[in-house]
Amino acid sequence: MPTLTLSLHGANRILERSVPLEALEGVKLAVPLLTDKPLRFRYKGVTVIARMASGCPKIISAWKEAI
């Protein structure tokens, strides 16, 4: 299984923006499907919009679904 690494800048942005951890898990699983075009998907109650940028997955937006 591929590993997902974050730059220090990326890790700080996740903390600043309160990105759900489920979004990281979902992106890790979706890496083979990501291209330069944004992909929207749901994973464990979290909607994620992500794409590949310079060979690395980039989360554009992520939010938890309202219950």
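Heads up: the sequence shown runs through residues 6 to 72, numbered per the working numbering.
The beta carbon of each residue, even a glycine, is placed where N, CA and C say it ideally should be.
The structure displayed is predicted, hence computed values, not measured ones.
Check this for me: beta carbons of residue i and residue j, under 8 Å apart or not?
{"i": "Gly60", "j": "Phe46", "result": "no"}
{"i": "Ala55", "j": "Pro43", "result": "yes"}
{"i": "Ala28", "j": "Ile64", "result": "yes"}
If we define contact as Cβ-Cβ less than 8 Å, is residue i a contact residue for chain B?
{"i": "Lys49", "result": "Among the protein chains of the structure shown there is no chain B, as only one such chain exists."}
I'd like the span of the alpha helix (DSSP H) that includes residue i, first residue to last.
{"i": "Leu44", "result": "It is not in any alpha helix (DSSP H) - Leu44 instead sits in the beta strand (DSSP E) that spans Leu44 to Tyr48."}
{"i": "Ala28", "result": "Leu26 to Ala35"}
Taking just the CA atoms, how far does residue j sit from residue i?
{"i": "Val24", "j": "Ala67", "result": "6 Å"}
{"i": "Val51", "j": "Leu26", "result": "9 Å"}
{"i": "Leu34", "j": "Asp41", "result": "17 Å"}
Taking the continuous beta strand (DSSP E) assigned at residue i, which residues delimit it?
{"i": "Ser66", "result": "Cys61 to Lys69"}
{"i": "Thr52", "result": "Val51 to Ala58"}
Residue i: which of the options sits nearest, CA to CA?
{"i": "Glu70", "options": "Leu44, Pro43, Lys33 and Tyr48", "result": "Tyr48"}
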